[in-house]
Amino acid sequence: MHEEVNKLFQFKLCDSCLGRQFAKLWHGMTNEERGRKIREEHGLKEIPPEECWLCEGIMGEMDKFASLVVDALSDYEFNTFLVGCRVDEDIIEREERIATQYSESIKREINREVGKKVYSFIEKPVEFVRPDIVAIIDTSYDTVELDVRPVFIYGRYRKLVRGLPQTKWYCRKCHGKGCEYCNFKGKMYEESVEEIIAAEPLRIFQAKEEEFHGAGREDIDVRMLGNGRPFILELKEPRKRNVDIEKVEKAINEFAAGKVEVVSLRYASRNEIEMLKSAKYPKTYRVVVGFEEKGKINEAVNALRSSIIEQRTPRRVAHRRADKVRRRKVIDIRVEEMKENEATLVIKAESGTYIKELITGDEGRTVPSLSHLAGVDMEVKMLDVIEIGD
Ligand SMILES: [Zn+2]
Ligand SMILES: [Zn+2]
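Under this note's numbering, the first residue of the sequence shown carries the number 9, and numbering increases by one thereafter.
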């Protein structure tokens, strides 16, 4: 160790930079205190940070960095934070030249020392695993960049009207810029479940943007009723995050004014999105089927109950889905109401079943189908999802 100390004395080092090269040797003191101890023991004169060969003054600027961080954080509500930093490449190279086996990195010291000072101002804890905000100091430019963790909200939505897509649907010609085709709106539909649900949370959380994650989606002309479809709303760069979730639920439902309704809102985490996306819920539908004559519809319903059907990708989605044959189970099917030219059916089927095609047969691409088994042509007049899950 004496050799190492003597080697280090060839360089003009401030107390922090000297002490940092022995950080793992004595505990219970800062690098600055460690450096002073070593220097005084060897009767050397103090080097102010501005004259330090290694840090060129950075280690004398902890107070300034801390106030830059406090200032940057002042616009945000958060419960935990972490400080990170970027340091000039030249400093890192010089650090590598003199490092001993007891050294810690300059970045680590800056993060810790600034973190302590920030904590003494704001009295909120440093968190290493999933902080609400990471403040990254650029020591060369005296700037602070914030990495703000999104807020995730889980809920279930009901879509009470037809003609509403689940997510924003950008114009197929201009892809959102606005053109004559889309009446300079940039999208194909005036509104969507996503936009209706997100409007109030964006305002309340003062978030920059949002992303909508649904557990599957229904067609535009299909309503989503019953217990609702699970979703997670991701709010990016929120300035607020400690909001009473019941107030959020109420605000959404007032704004959505009978078009959409949300229930069971709660805070969620990012890893729930994956679970939501991969969950395979069976779904129950109510479908109104139209026909000129009913044929053997009752026998057809009985034959389909508990059967496995084969569905080749429907023509209506073939342009965006791979053409393949899927096997799906019709868990239950029953007639709710029968009239001269239409029947109301309730169908429970495995996740991923194409219900419209189960009725019509899609020109032989779904086998068997209600139409084929009944021996008559059929059309789907109305379709609602009435339950998701068992
Ligand atoms: Zn230094
Ligand atoms: Zn357009």
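Idealized CB from N, CA, C, for every residue including glycine.
For this session: Mark MET232 as exposed unless 16 or more other C-beta atoms lie within 10 angstroms of its C-beta, in which case mark it buried.
Result: To locate residue 232, count along the sequence shown from 1; it is residue 224. Buried, since its Cβ has 16 or more Cβ neighbours within 10 Å.
Problem set entry | Selected residue, minimal CA-CA separation from PHE89, among GLU365, VAL295, ASP140, ILE204 | As a first step, residue 89 is located in the sequence shown; it is residue number 81 there, counting from the start. Among GLU365, VAL295, ASP140, ILE204, the Cα nearest to that of PHE89 belongs to ASP140.
For this session: Kindly indicate which residue of HIS327, LEU381, ILE396 has the alpha-carbon position closest to the one of GLY360.
Result: Position 352 of the sequence shown, counting from 1, holds the residue named residue 360. Considering only alpha carbons, the answer is ILE396.
For this session: Tell me, to the nearest whole angstrom, how far the beta carbon of PHE249 is from that of VAL159; I am working on the premise that it is less than 8 Å.
Result: Indexing the sequence shown from 1 puts residue 249 at position 241. Indexing the sequence shown from 1 puts residue 159 at position 151. Note that residue 249 is Arg in the sequence shown here, rather than Phe. The distance from the Cβ of ARG249 to that of VAL159 is about 5 Å, consistent with a contact at the 8 Å cut-off.
Exercise. Quick one: is the Cβ of SER24 within less than 8 Å of any heavy atom of ligand 1?
Worked result: The residue you call residue 24 lines up with position 16 of the sequence shown. Yes, the beta carbon of SER24 sits closer than 8 Å to at least one heavy atom of ligand 1.
Exercise. From the DSSP output, which residues share a beta bridge with HIS221?
Worked result: On the sequence shown, position 213 is the one that residue 221 refers to. Paired residues: ILE240.
For this session: For LYS124, write down the residues that DSSP places opposite it in a beta bridge.
Result: Here residue 124 refers to the residue found at position 116 when the sequence shown is read from its first residue. Answer is none; LYS124 lacks a bridge partner.
For this session: Please determine, among ARG334, ARG94, THR151, ALA223, the residue with the shortest C-alpha to C-alpha distance to GLN174.
Result: Here residue 174 is taken as the residue at index 166 of the sequence shown, counted from 1. The residue with the shortest Cα to Cα distance from GLN174 is ALA223.
Problem set entry | Contiguous beta strand (DSSP E) assignments of at least 3 residues, all confined to the stretch 109-180 | Counting only runs of 3 or more, we get 141-146, 151-156, 159-167.
Exercise. What does the shell around ligand 2 hold, if a residue joins when its beta-carbon is under 6 Å from any heavy atom?
Worked result: With the cut-off at 6 Å, the residues found are CYS179, LYS181, CYS182, GLY186, CYS187, TYR189, CYS190, GLY194.
For this session: Evaluate VAL333 with the Cβ neighbour count: other Cβ atoms within 10 Å of its Cβ, from every protein chain shown; 16 or more gives buried, anything less gives exposed.
Result: Along the sequence shown, read from residue 1 onward, the residue named residue 333 stands at position 325. In this structure VAL333 is exposed. Its beta-carbon is surrounded by fewer than 16 other beta-carbon atoms within 10 angstroms.
Exercise. Beta-carbon separation of VAL268 and LYS167 under 9 Å?
Worked result: The sequence position of residue 268 within the sequence shown is 260, counting from 1. The sequence position of residue 167 within the sequence shown is 159, counting from 1. Yes. Within cutoff.
Exercise. Going by DSSP, what residues sit across from LEU90 in a beta bridge?
Worked result: Indexing the sequence shown from 1 puts residue 90 at position 82. Within the DSSP bridge table, the entry for LEU90 names VAL142 as partners.
For this session: Output the distance between the C-alpha atoms of CYS93 and ALA74, rounded to the nearest integer angstrom.
Result: Position 85 of the sequence shown holds residue 93. Position 66 of the sequence shown holds residue 74. Annotation: CYS93 to ALA74 spans about 12 Å, alpha carbon to alpha carbon.
Problem set entry | Distance, ILE363 Cα to GLU307 Cα | Here residue 307 refers to the residue found at position 299 when the sequence shown is read from its first residue. Here residue 363 refers to the residue found at position 355 when the sequence shown is read from its first residue. Between GLU307 and ILE363, the C-alpha separation is close to 18 Å.
Problem set entry | beta-carbon CYS93 near ligand 1 non-hydrogen atom, thresh 8 Å | Locating residue 93 in the sequence shown gives position 85, counting from the first residue. No, the Cβ of CYS93 stays beyond 8 Å of every heavy atom of ligand 1.
Problem set entry | Inter-residue spacing [alpha-carbon to alpha-carbon] between PRO290 and GLY194 | Position 282 of the sequence shown, counted from the start, is the residue given in the question as residue 290. Position 186 of the sequence shown, counted from the start, is the residue given in the question as residue 194. Each residue's Cα considered, the two are about 35 Å apart.
Exercise. Hey, would you say ILE161 sits closer than 9 Å to TYR84, going by beta carbons?
Worked result: One-based indexing of the sequence shown puts residue 161 at position 153. One-based indexing of the sequence shown puts residue 84 at position 76. Not a contact, by the Cβ cut-off of 9 Å.
Exercise. Is any heavy atom in ligand 4 found nearer than 8 Å to the beta carbon of MET67?
Worked result: In terms of ligand content, the structure shown lacks ligand 4 and carries ligand 1 and ligand 2 instead.
Exercise. At a cut-off of 8 Å, is LYS238 close to ligand 1 when judged by its beta-carbon and the heavy atoms of the ligand?
Worked result: Taking the sequence shown and counting its residues from 1, one reaches residue 238 at position 230. Residue 238 is actually Pro in this sequence, not Lys. Not under cutoff, so the answer is no.
Exercise. Run through DSSP, which three-state label would THR352 get?
Worked result: Here residue 352 refers to the residue found at position 344 of the sequence shown. DSSP, read as helix, strand or coil, puts THR352 in strand.
Exercise. At a cut-off of 8 Å, is PRO57 close to ligand 1 when judged by its beta-carbon and the heavy atoms of the ligand?
Worked result: Stepping through the sequence shown from its first residue, residue 57 is reached at position 49. Within the cutoff, so yes.
Problem set entry | Pair within 9 Å by beta-carbon distance, ILE212 and VAL271 | If you number the sequence shown from 1, residue 212 lands on position 204. If you number the sequence shown from 1, residue 271 lands on position 263. Judged by their CB atoms, ILE212 and VAL271 are not nearer to each other than the 9 Å cut-off.
Exercise. In the DSSP assignment, what residue or residues form a beta bridge with GLU188?
Worked result: Here residue 188 refers to the residue found at position 180 when the sequence shown is read from its first residue. In DSSP, GLU188 forms no bridge with anything.
Exercise. So, are the CB atoms of ARG342 and LEU353 less than 9 Å apart?
Worked result: Translated into positions along the sequence shown, residue 342 becomes position 334. Translated into positions along the sequence shown, residue 353 becomes position 345. Yes, the Cβ-Cβ distance between ARG342 and LEU353 is below 9 Å.
For this session: Determine the burial state of GLU117: buried for a count of at least 16 other Cβ atoms within 10 Å of its Cβ, exposed for fewer.
Result: As a working note, residue 117 is residue 109 in the sequence shown. Classification for GLU117: buried.
Problem set entry | ILE281, enclosing alpha helix (DSSP H) - first and last residue | The residue you call residue 281 lines up with position 273 of the sequence shown. Annotation for ILE281: the continuous alpha helix (DSSP H) segment containing it runs 279-286.
Problem set entry | Proximity below 9 Å, CB of SER314 to CB of VAL297 | Against the sequence shown, residue 314 aligns to sequence position 306. Against the sequence shown, residue 297 aligns to sequence position 289. Contact annotation: SER314 and VAL297 have beta-carbon atoms that are not nearer than 9 Å.
Exercise. Can you give the beta carbon distance from PHE299 to MET386, rounded, assuming they're within the 8 Å contact cut?
Worked result: Here the question's residue 299 lines up with position 291 in the sequence shown. Here the question's residue 386 lines up with position 378 in the sequence shown. With 8 Å as the limit, PHE299 and MET386 qualify as a contact, their Cβ atoms being about 5 Å apart.
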